[in-house]
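Please read the structure below before turning to the comments.
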Amino acid sequence: MKIVFVFLCSLITGSVIGQSPKKQVNDQSQSWFSVNSTFRLNEKWGVVGDLHIRRSNFMADPNFYFVRAGAGYWFNKQLNFVAGYAHMWLASAKKGERVFVNEDRLYGQLAYSTKLGKLALLHRFRNEHRWKESVVGDDLPNKTGFSTRLRYLISLTYPVFKNPNLPQACLANEVLVQFGKPIVNNTFDQLRLFAGIRQTLGRGWSFDCGYMMLYQQRASGYQYDRNHTFRLFFYYTLNPKPVAPAPAPEYEDE
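The sequence shown begins at 94 in my numbering and counts up by one.
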């Protein structure tokens with residue numbers, strides 16, 4: 094009888110395991126553009142603001158629009174803290190039509206920049222509190238969930254050429270994890286890998302351009318998006334004359 098019971102249990106367990114969804118990865122192409130600004134008010138204080146547009150099917154369809162603003166405090170030339178508010182309009186489908194769901198966000202981040210010889214490193218820790226609408230079935234957005242997301246980014250910039258006016262090589266990696274009542278199967282949120290160039294344009298302007306691979310787990314837990322993204326970000330930094338130039342948070346993203 095004991096052998097029969099063990100056999101039946103193994104059949105039930107095997108059936109459950111066999112019915113678990115297989116991992117699905119959806120590959121898609123995207124483009125991402127943004128303008129990021131930093132205005133230093135004095136040696137310690139400043140304000141930041143940025144605008145982002147990301148499109149799917151390379152540039153054919155909207156993915157999101159994103160705006161953010163904040164206040165920053167510079168402890169020294171290497172370490173600064175920024176806190177503020179952001180809003181996102183995220184494209185979603187409803188009965189074949191495109192609607193936008195809203196996300197409100199409060200965030201705080203600590204950025205530390207340093208150098209190892211010619212190699213410039215940026216470490217950034219960001220904490221986000223998010224109030225995000227969702228589309229249930231074909232209904233209009235009628236549910237708002239709260240979650241917290243933690244992010245760590247490391248960015249490396251290296252001057253390949255002796256001429257400072259020529260592009261520098263840039264590599265970055267960011268890991269994002271999230272927590273909260275709506276987060277059941279996807280505590281891991283995203284992994285973002287970037288490779289490209291950074292170019293100074295003068296008068297406070299610079300840009301980075303390159304390829305980003307964004308790997309994101311959906312709420313189902315077994316579905317993933319792998320976005321092959323062309324990325325072009327512009328940066329503007331204004332330092333008043335009495336203030337010695339200090340590194341701005343020159344790697345900003347949604």
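Cβ coordinates follow ideal geometry from the N, Cα and C atoms, glycine included.
Count the CB pairs spanning the stretch 251-269 and the stretch 285-293 that are closer than 8 Å, and state whether there are at least three. yes
Would you identify the three-state DSSP class for residue 228, choosing helix, strand or coil? Within the sequence shown, numbered from 1, the residue matching residue 228 stands at position 135. Residue 228: coil per DSSP, three-state reduction.
Rounded to whole angstroms, what's the CA-CA distance from residue 327 to residue 239? Just pull it up for me. Reading the sequence shown from its first residue, position 234 is the one you call residue 327. Reading the sequence shown from its first residue, position 146 is the one you call residue 239. For residue 327 and residue 239, the distance between alpha carbons rounds to 31 Å.
So within the stretch 111-135, which uninterrupted beta strand (DSSP E) runs reach at least 3 residues, ignoring any that extend past its ends? 117-133
Contacting residues, own chain, Cβ-Cβ under 6 Å from residue 246 (five flanking each side not counted): By one-based count along the sequence shown, residue 246 stands at place 153. These residues qualify, in order along the chain: 217, 267.
Determine the direct distance from the alpha carbon of residue 146 to that of residue 135, and round the result to whole angstroms. By 1-based counting over the sequence shown, the position of residue 135 is 42. By 1-based counting over the sequence shown, the position of residue 146 is 53. For residue 135 and residue 146, the distance between alpha carbons rounds to 30 Å.
Segment limits, beta strand (DSSP E) that includes residue 267: Mapped onto the sequence shown, residue 267 falls at position 174. Its beta strand (DSSP E) spans residues 261-272.
Cβ pair residue 304, residue 287 closer than 9 Å: Within the sequence shown, residue 304 is the residue found at index 211, counting from 1. Within the sequence shown, residue 287 is the residue found at index 194, counting from 1. Yes; because the gap between Cβ atoms is below 9 Å, this pair is in contact.
Taking C-beta to C-beta, are residue 163 and residue 205 nearer than 9 Å? Taking the sequence shown and counting its residues from 1, the one referred to as residue 163 is at position 70. Taking the sequence shown and counting its residues from 1, the one referred to as residue 205 is at position 112. No, they are not a contact pair.
What is the rounded straight-line gap between the Cα of residue 249 and the Cα of residue 278? Position 156 of the sequence shown holds residue 249. Position 185 of the sequence shown holds residue 278. Their Cα atoms are separated by approximately 32 Å.
Could you check how far apart the C-beta atoms of residue 160 and residue 144 are, in whole angstroms? I think they sit under 8 Å. Taking the sequence shown and counting its residues from 1, one reaches residue 160 at position 67. Taking the sequence shown and counting its residues from 1, one reaches residue 144 at position 51. Right, the Cβ-Cβ distance comes to about 6 Å (below 8 Å), so this counts as a contact.
8 Å contact criterion, which residue 139 and residue 133 should meet: CB distance rounded: Sequence index remark: in the sequence shown, residue 139 carries index 46 (1-based). Sequence index remark: in the sequence shown, residue 133 carries index 40 (1-based). Correct: roughly 4 Å between the Cβ atoms.
Residue 179 versus residue 131 - alpha carbon distance: Residue mapping note: residue 179 aligns to position 86 of the sequence shown, counting from 1. Residue mapping note: residue 131 aligns to position 38 of the sequence shown, counting from 1. Distance between the alpha carbons of residue 179 and residue 131 is about 16 Å.
State the beta-bridge partners of residue 137 as determined by DSSP. By 1-based counting over the sequence shown, the position of residue 137 is 44. Residue 137 pairs with nothing; no bridge assigned.
Should residue 322 be labelled buried (16 or more other beta-carbon atoms within 10 Å of its own) or exposed? Along the sequence shown, read from residue 1 onward, the residue named residue 322 stands at position 229. Its Cβ being crowded by 16 or more others within 10 Å, residue 322 is buried.
Within 10 angstroms of the Cβ of residue 141, are there 16 or more other Cβ atoms? Answer buried if so, exposed if not. The residue labelled residue 141 in the question sits at position 48 within the sequence shown. Residue 141 should be labelled buried.
With 16 other Cβ atoms within 10 Å as the buried cut-off, status of residue 306: Here the question's residue 306 lines up with position 213 in the sequence shown. Classification for residue 306: exposed.
On the criterion of 16 or more Cβ atoms from any shown chain inside 10 Å, does residue 215 qualify as buried, or is it exposed? Indexing the sequence shown from 1 puts residue 215 at position 122. Result: buried.
So for residue 312, helix, strand or coil by DSSP? In the sequence shown, counting from the first residue as 1, residue 312 sits at position 219. In this structure, residue 312 counts as coil in the three-state DSSP scheme.
Is DSSP giving residue 238 helix, strand or coil here? Mapped onto the sequence shown, residue 238 falls at position 145. The answer is strand: DSSP assigns residue 238 an E or B state.
Jot down the residue ranges of each uninterrupted beta strand (DSSP E) in the stretch 162-200, minimum 3 residues, whole runs only, in chain order. 172-187
Rounded to the nearest angstrom, what separates residue 101 and residue 283 at their Cα positions? In the sequence shown, the residue the question calls residue 101 occupies position 8. In the sequence shown, the residue the question calls residue 283 occupies position 190. Only weak support is given to the placement of residue 101: the predicted model assigns it a pLDDT of 40, under 50, and the value that follows is read from those uncertain coordinates. Going by the C-alpha atoms only, they are around 40 Å apart.
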